[in-house]
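**Q**
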Amino acid sequence: MTGNYTVLPPLQSAYMPFMQAIQITTTGGPEALVYTQVARPSPKRGEALIAVEAIGVNFIDVYFREGRYPSSLPFIPGQEAAGTVVEVGEGVTTLKPGDRVAWCGTLGTYAEFAVASSARLVSIPEGVTSVQAAAAMLQGMTAHYLAHATHTIQPGETVLIHAGAGGTGLLLTQMARKLGARVLTTVSTEEKAQLSREAGADEPILYTQVDFAAEVKRITENKGLPVVYDSVGKSTFEQSLSCLHPRGMLVLFGASSGAVPPFDLIRLSALGSLYVTRPSLKDYIATPEDLSARATDIFRWLADGTLNLRIEHTYPLKDAAQAHRDLESRNTTGKVILQP
Ligand code: NDP
268 MTGNYTVLPP LQSAYMPFMQ AIQITTTGGP EALVYTQVAR PSPKRGEALI
318 AVEAIGVNFI DVYFREGRYP SSLPFIPGQE AAGTVVEVGE GVTTLKPGDR
368 VAWCGTLGTY AEFAVASSAR LVSIPEGVTS VQAAAAMLQG MTAHYLAHAT
418 HTIQPGETVL IHAGAGGTGL LLTQMARKLG ARVLTTVSTE EKAQLSREAG
468 ADEPILYTQV DFAAEVKRIT ENKGLPVVYD SVGKSTFEQS LSCLHPRGML
518 VLFGASSGAV PPFDLIRLSA LGSLYVTRPS LKDYIATPED LSARATDIFR
568 WLADGTLNLR IEHTYPLKDA AQAHRDLESR NTTGKVILQP
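To convert, note that position 198 of the sequence shown is 465 in our numbering; the numbers rise steadily by one, no gaps.
#1: Would you please state the rounded distance, in angstroms, between the beta carbons of G434 and G601? I believe it to be under 8 Å.
#2: For the alpha helix (DSSP H) containing H411, name the first residue and the last one.
#3: Taking the alpha carbon of Y582 as the point to measure from, which residue in N575, T599 and Q406 has its own alpha carbon closest?
#4: Roughly how many angstroms separate the alpha carbons of H429 and A410, rounded to a whole number?
#5: Got a sec: does the ligand NDP put a non-hydrogen atom nearer than 7 Å to the Cβ of A406?
#6: Taking M408 and I565 to be in contact with their CB atoms under 8 Å, please state how far apart those CB atoms are, rounded to whole angstroms.
#7: Please report the distance separating the alpha-carbon of R597 from that of K363.
#8: Inspect the beta-carbon positions of A321 and F380 and report whether they are closer than 8 Å.
#9: At a threshold of 7 Å, does T581 count as lining the ligand NDP (C-beta to nearest heavy atom)?
#10: Does DSSP put R534 in a helix, a strand or coil?
#11: Should A466 be labelled buried (16 or more other beta-carbon atoms within 10 Å of its own) or exposed?
#12: Looking at C-alpha atoms only, which residue of Q399, R367, A432 and T303 is the closest neighbour of I391?
#13: From Q606 to W568, what does the alpha carbon distance come to, in whole angstroms?
#14: Any heavy atom of the ligand NDP within a distance shorter than 7 Å of the CB on T409?
#15: Look at the alpha carbon of D550 and the alpha carbon of T417, and state the distance between them as a whole number of angstroms.
#16: Using the C-alpha atoms, what's the distance from L576 back to D497?
#17: What residue range does the alpha helix (DSSP H) around Q461 cover?
#18: Any heavy atom of the ligand NDP closer than 7 Å to the beta-carbon of E219?
#19: Are K311 and G356 closer than 8 Å when you measure CB to CB?
#20: Can V382 and L316 be called in contact, C-beta distance under 8 Å?
Listed below in structure tokens is the structure:
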């Protein structure tokens, strides 16, 4: 007691009804990411409330911020994080408060607390930190399905991976090498070429300085490639097609430079009976079995050192706008993380 007042112990933030978060009320540029106080969510039936410890920033967050991918307003962006369960909703039997979990694919992670369906939460094993888990879930499982399922990389194949020093690119390069491929990558700077080499790339190509399709022809002695992994989109699509040998596959999995314009399918015949696919992670982790299998592989490879993460860009949550600016202006390498 002091005077007539009782001094109460500070409330644990986990029990406060409010939280700090990034909210988007109008879609647009990085300035649309506003750091503010909002109501803390409560877990509904089948859900868990998680105290967020690390948030993964992904290019898809840019598409949501711009409104290219629609969401009802206002919303909290972000769809990858790791943290500790603080409360579970009715019917949740597989998790309890205190469990360490990671997840991706549910909007609302740019915040101190987030809710997610318990069915989409993956336990983080010993030996893997929350930052590593948040850094590896989305890009790691993406690299996993691209290399093992969309096109199953065979030993001895030569493959091309665009944006080889990006978050997904570095992980996909490591997996392709692990599967026995010879890896060509594209990168915009010499510094990024070095990072790509360290991840295992045999030949990083500076696609801002040379014609990468001509380089691929030279390196493969005009044979072409069985597969090109293209996340850059608009500025690389046409040349990516010309890198393939007959019946090769263009895996268009992103649009960092912009959306590919409409395309006449008859051209695939003239170019050598090519395949083009536009895959999405959600379809490769749709079942609990697929989600568990991919996440288990990623966490195991992180824990045993098979997979190396580069996490050189960590920002406080309030600086999410700067993180987006850096990601979009090609200033980042590897994974970008926000911390509440
Ligand atoms: P990255 O870390 O790869 O960042 C994007 C990189 O793209 C840049 O660093 C840059 O590398 C390259 N780039 C080329 N042209 C441009 C441009 N005009 N503007 C900006 N960047 C450009 O990001 P992520 O790993 O998070 O994502 C990579 C891509 O993969 C995104 O398009 C994303 O949407 C997609 N993706 C798709 C998934 C799916 O399942 N379909 C899942 C996960 C990601 P450089 O400077 O070397 O050119």
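Just so it is clear, CB atoms sit at the ideal spot from N, CA and C, and this is done for glycine as well.
**A** This is what the structure holds:
#1: The count along the sequence shown starts at 1 and reaches residue 434 at position 167. The count along the sequence shown starts at 1 and reaches residue 601 at position 334. The Cβ separation is near 6 Å, so the contact holds.
#2: Start at 1 with the first residue of the sequence shown, and residue 411 comes out as number 144. Note, H411: alpha helix (DSSP H), S397 to Y412.
#3: Start at 1 with the first residue of the sequence shown, and residue 582 comes out as number 315. For Y582, the nearest C-alpha among the options comes from T599.
#4: The sequence position of residue 429 within the sequence shown is 162, counting from 1. The sequence position of residue 410 within the sequence shown is 143, counting from 1. If I take the Cα positions, the gap works out to 12 Å.
#5: If you number the sequence shown from 1, residue 406 lands on position 139. It is Gln, not Ala, that sits at residue 406 in the sequence shown. For the ligand NDP, at least one heavy atom lies less than 7 Å from the Cβ of Q406.
#6: Indexing the sequence shown from 1 puts residue 408 at position 141. Indexing the sequence shown from 1 puts residue 565 at position 298. About 6 Å separates the two Cβ atoms, so the contact holds.
#7: For the purposes of this step, residue 597 is taken as the residue at position 330 of the sequence shown. For the purposes of this step, residue 363 is taken as the residue at position 96 of the sequence shown. Their backbone Cα atoms lie some 40 Å apart in a straight line.
#8: Within the sequence shown, residue 321 is the residue found at index 54, counting from 1. Within the sequence shown, residue 380 is the residue found at index 113, counting from 1. It is not a contact, given that the beta carbons lie outside the stated cut-off.
#9: Mapped onto the sequence shown, residue 581 falls at position 314. It does not: the Cβ of T581 is nowhere closer than 7 Å to a heavy atom of the ligand NDP.
#10: As a first step, residue 534 is located in the sequence shown; it is residue number 267 there, counting from the start. R534 falls in the helix class under three-state DSSP.
#11: To locate residue 466, count along the sequence shown from 1; it is residue 199. Buried is the call here.
#12: Position 124 of the sequence shown holds residue 391. Among Q399, R367, A432 and T303, the Cα nearest to that of I391 belongs to R367.
#13: Against the sequence shown, residue 606 aligns to sequence position 339. Against the sequence shown, residue 568 aligns to sequence position 301. Roughly 24 Å separates the two Cα atoms.
#14: Taking the first residue of the sequence shown as position 1, residue 409 is located at position 142. The answer is yes for T409.
#15: The residue you call residue 550 lines up with position 283 of the sequence shown. The residue you call residue 417 lines up with position 150 of the sequence shown. Approximately 11 Å, taken between the alpha carbons.
#16: The residue you call residue 497 lines up with position 230 of the sequence shown. The residue you call residue 576 lines up with position 309 of the sequence shown. So the two alpha carbons sit approximately 21 Å from each other.
#17: Taking the first residue of the sequence shown as 1, we reach residue 461 at position 194. Q461 -> alpha helix (DSSP H) spans E457 to E465.
#18: Any property of residue 219 remains undetermined from this structure, which presents the chain solely from 268 to 607.
#19: Here residue 311 is taken as the residue at index 44 of the sequence shown, counted from 1. Here residue 356 is taken as the residue at index 89 of the sequence shown, counted from 1. In this structure, G356 lies closer than 8 Å to K311 by Cβ.
#20: Numbered from 1 along the sequence shown, position 115 holds the residue referred to as residue 382. Numbered from 1 along the sequence shown, position 49 holds the residue referred to as residue 316. Result yes, Cβ atoms of V382 and L316 sit closer than 8 Å.
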